[in-house]
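In my numbering, the protein residues as written are 16 to 119. The beta-carbon is built from N, C-alpha and C at its ideal position, and this holds for glycine as well. Every value quoted in this text rests on a predicted model; they were computed, and no experiment measured them. Report on the following structure.
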Amino acid sequence: MVSSSAKEVFILGQTRAGKIFRPSDWAERLAGVMSSFRPGGAQPGSHLSYSPWCIPTLIGGVKAVVVNSELRNLEPMAWDFVLNFAKDNDLQVAEACLLPDPPK
């Protein structure tokens, strides 16, 4: 499903059939569940922010979660969890690289 060399994986809130995935806050919920998986491990208050390894975003107006491969290297069960979430819900998954917004 995902190559071992991928640096980032995008889970799109769209099924392979093209339907928008519901509920509308699924990306924030998934990223919230993954908030404790972060460099240095969970710290007091880390549940109040997203992990840098699992970030909700919008891609072309579609909700998505960007999952960094560091999660796979340091927390393989968490990596499997997010990929199985995508598989179980028939969501589109793409290997890509998130580029920063251009300066304004």
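- One thing to note: Leu-86 has its Cβ within 9 Å of the Cβ of Phe-52.
- In the DSSP secondary-structure assignment, Val-97 is not bridged to any residue.
- Shown here, Asn-83 sits in a strand according to DSSP, grouped into three states.
- Under DSSP, the beta-bridge partners assigned to Glu-23 are Asn-83 and Ala-111.
- Of the other Cβ atoms in all chains shown, 16 or more fall within 10 Å of the Cβ of Lys-78; this residue is therefore buried.
- Straight through space, the alpha carbons of Pro-67 and Asn-83 are spaced by roughly 8 Å.
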